[in-house]
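One structure is given below, encoded as structure tokens.
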Amino acid sequence: MKSTLLLGLLLIPLGALAHPGRTASDGCHYCRTNCDYWGVPHNQRHCHYYEDPKPEDLKYSKVIKKYSDDETSFVTLLHDSTYMTFEQPQQKKVDSH
Ligand SMILES: [Zn+2]
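Residue numbers (this note's numbering): 16 to 112.
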């Protein structure tokens, strides 16, 4: 419970920085700004996830856009007419092996 709360608090500023506009509690909202950048049609409801897409997500979805630069990388998938953006802030890779 405590960790979920903490995770939520950490994700909120990240989302606000990355993509203007509020997301609902499920992480979804309607695209109003920078829609082309995200590969999402204007006024299209879509969802943000701050993690890597799961193999199943990739398998059953169409890749709409893949993007990365020094600061961010994301992939936008279309799954059953739902747009989902999986976003990972670029971090120095920590080799855990
Ligand atoms: Zn969005």
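All residues carry an ideal CB built from backbone N, CA and C; glycine is no exception. In this text the structure is predicted, and so the values were computed from the model without any measurement.
Discussion item. Here's the rule: buried if 16 or more other CB atoms are within 10 angstroms of the residue's CB, otherwise exposed. What is Tyr64?
Written reply: By the C-beta density criterion, Tyr64 is buried, having at least 16 other C-beta atoms within 10 angstroms.
Practice prompt. Per DSSP, which residues does Leu73 bridge with? Please list them.
Written response: Looking at the DSSP output, Leu73 sits in no beta bridge, so it has no partner there.
Practice prompt. Give me whichever residues DSSP pairs with Thr38 in a beta bridge.
Written response: According to DSSP, Thr38 bridges with nothing at all.
Practice prompt. Inspect the beta-carbon positions of Val55 and Tyr98 and report whether they are closer than 8 Å.
Written response: yes
Worksheet item: Can you give the Cα-Cα distance for Cys46 and Gln103, rounded to whole angstroms?
Response: 19 Å
Worksheet item: If Phe101 sits next to Asp51, beta carbons under 8 Å apart, how far is it from one beta carbon to the other, in whole angstroms?
Response: Phe101 to Asp51, Cβ: 18 Å. No contact.
Item to complete: Using a threshold of 8 Å, state whether the C-beta atoms of Cys62 and Gly42 are closer than that.
Response: yes
Item to complete: State the DSSP-derived secondary structure class of Tyr10, mapped to helix, strand or coil.
Response: Given that the chain is displayed from residue 16 to residue 112, the structure contains no residue 10 and the question cannot be resolved.
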